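Chains as they are written, first to last, in the numbering used here: chain V, 1 to 176; chain G, 1 to 176.
Some notes on the structure that comes next.
Protein chains: 2
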Amino acid sequence: MNGVNLEQIQSAIRTIPDFPQPGILFRDITPVLADADLFRQVIDLLAEKTVNFGAEKVVGIDARGFLFGAAVAYKLGLGFIPIRKKGKLPYKTIRYSYALEYGKADMEIHVDAVRPGEKVVLVDDLLATGGTAAAAAHLVQQLGAKVEAALFFIELADLDGRKHLGDVQVETLVAF
Amino acid sequence: MNGVNLEQIQSAIRTIPDFPQPGILFRDITPVLADADLFRQVIDLLAEKTVNFGAEKVVGIDARGFLFGAAVAYKLGLGFIPIRKKGKLPYKTIRYSYALEYGKADMEIHVDAVRPGEKVVLVDDLLATGGTAAAAAHLVQQLGAKVEAALFFIELADLDGRKHLGDVQVETLVAF
Chain V
1 MNGVNLEQIQ SAIRTIPDFP QPGILFRDIT PVLADADLFR QVIDLLAEKT
51 VNFGAEKVVG IDARGFLFGA AVAYKLGLGF IPIRKKGKLP YKTIRYSYAL
101 EYGKADMEIH VDAVRPGEKV VLVDDLLATG GTAAAAAHLV QQLGAKVEAA
151 LFFIELADLD GRKHLGDVQV ETLVAF
Chain G
1 MNGVNLEQIQ SAIRTIPDFP QPGILFRDIT PVLADADLFR QVIDLLAEKT
51 VNFGAEKVVG IDARGFLFGA AVAYKLGLGF IPIRKKGKLP YKTIRYSYAL
101 EYGKADMEIH VDAVRPGEKV VLVDDLLATG GTAAAAAHLV QQLGAKVEAA
151 LFFIELADLD GRKHLGDVQV ETLVAF
């Protein structure tokens with residue numbers, strides 16, 4: 001693909017020590033979002049993967065996954081489905097609870113968000129422990145749709161989040 | 001603009017009674033997001049307005065504003081800036097506290113998010129009381145940038161949110 005420079009993208013990610021807790025190195029993507037050219041490159045790469053996996057809908061995970069997922073869906077002319085933290089979606093939902101690195105979380109999807117057999121990709125900013133993405137995949141599958149892949153901008157490789165995603169194919173753009 | 005049907009878009013918005021509280025009619029945009037053609041129309045309309053206001057960056061408000069703002073920024077080749085609830089942005093921030101319909105909230109922006117004199121538009125899904133958007137405008141202005149307009153998918157006209165936005169120009173696509 002023309003004009004893509006993953007090293008430049010990776011070097012624009014800002015590392016913030018001790019956020020949200022002491023000892024954590026947080027990867028701050030806001031400088032990438034703010035740079036029109038870098039943001040375009042990231043979306044174009046994620047969109048290319050979305051096409052390759054034959055997705056019919058894009059599922060984005062609350063909240064930073066909304067940034068990437070919605071832009072990918074728009075670019076490709078696909079519908080967008082949000083998966084959100086408990087209590088945010090107003091219509092009937094199904095819920096999945098899982099352990100987080102710092103506690104516990106519940107994710108929800110609307111019961112009519114996807115159709116049985118429909119092919120989707122999950123999009124989020126970061127693959128860390130993989131718990132949130134695995135919950136999202138579980139919710140989509142519970143509604144009978146197929147998770148063709150989970151796509152992430154950043155992977156924290158040491159945390160081995162891929163193992164939580166089982167048979168779901170995982171692709172990421174940059175790794176730390 | 002070709003292929004835009006605001007009545008069709010408005011009729012796809014699902015009204016959920018008593019969410020998040022008894023007596024509230026919640027306007028659920030997820031059927032619009034899930035429909036590739038309707039989502040495209042909404043983004044194209046917001047993008048057209050963003051161009052007309054000469055925006056150099058798009059500022060989106062956590063979390064549903066991320067969906068619209070990021071897609072508009074991508075379409076136009078502009079950078080995207082998030083404004084988030086307290087504690088979510090990892091770098092140095094400034095904060096603005098304001099009264100909500102159901103309590104109090106604090107919004108933050110990174111101190112290096114915009115440059116003095118830069119022209120931005122705010123994008124969010126919903127103009128209700130206007131408190132969140134006014135806080136966002138205040139934060140951008142505190143950093144010396146210019147809020148050329150605040151753009152919303154939906155306006156709850158009875159709540160008169162425009163009055164909170166003072167001199168900021170407000171444009172919305174559909175009103176209830």
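Glycine included, each C-beta is placed from N, C-alpha and C at the ideal position.
Computed from a prediction, not measured in an experiment: that's the story for all the values here.
Taking a Cβ-Cβ cut-off of 7 Å, the neighbours of Gly77 (chain G) in chain V comprise Ala36 and Arg40, given in sequence order. Leu139 (chain G) counts as buried, since no fewer than 16 other beta carbons sit within 10 angstroms of its beta carbon.
About 5 Å separates the beta carbon of Ala136 (chain V) from that of Ile61 (chain V), a gap short enough to meet the 8 Å contact definition. By the Cβ-count criterion, Pro90 (chain G) is buried, with 16 or more other Cβ atoms from all chains shown falling within 10 Å of its own Cβ. Ranking G:Ala113, G:Tyr98, G:Leu76 and G:Ala157 by CA distance to the CA of Ile83 (chain G) puts G:Ala113 first.
Lys57 (chain V) carries a strand assignment under DSSP once its states are collapsed to helix, strand and coil.
For the C-beta of Asp106 (chain G), not a single chain V residue is nearer than 7 Å; the gap to the nearest is close to 16 Å. Around the Cβ of Ala47 (chain G), a 10 Å sphere holds 16 or more other Cβ atoms; the residue is buried. Interface with chain V (8 Å Cβ-Cβ cutoff): Leu45 (chain G) is excluded.
In the DSSP annotation of this structure, the continuous segment of the beta strand (DSSP E) that includes Lys104 (chain G) starts and ends at Gly103 to His110. Across the structure, Ala34 (chain V) and Leu33 (chain G) are spaced so that their CA atoms are roughly 24 Å apart.
Scanning chain G for C-beta atoms nearer than 7 Å to the C-beta of Arg14 (chain V) yields Tyr91, reported in chain order. With respect to the 8 Å criterion, Val120 (chain G) and Glu56 (chain G) are classified as neighbours on the basis of their beta carbons. Under DSSP, the beta-bridge partners assigned to Phe26 (chain G) are G:Ile16. Looking at the DSSP output, Thr93 (chain V) sits in a beta bridge with V:His110.
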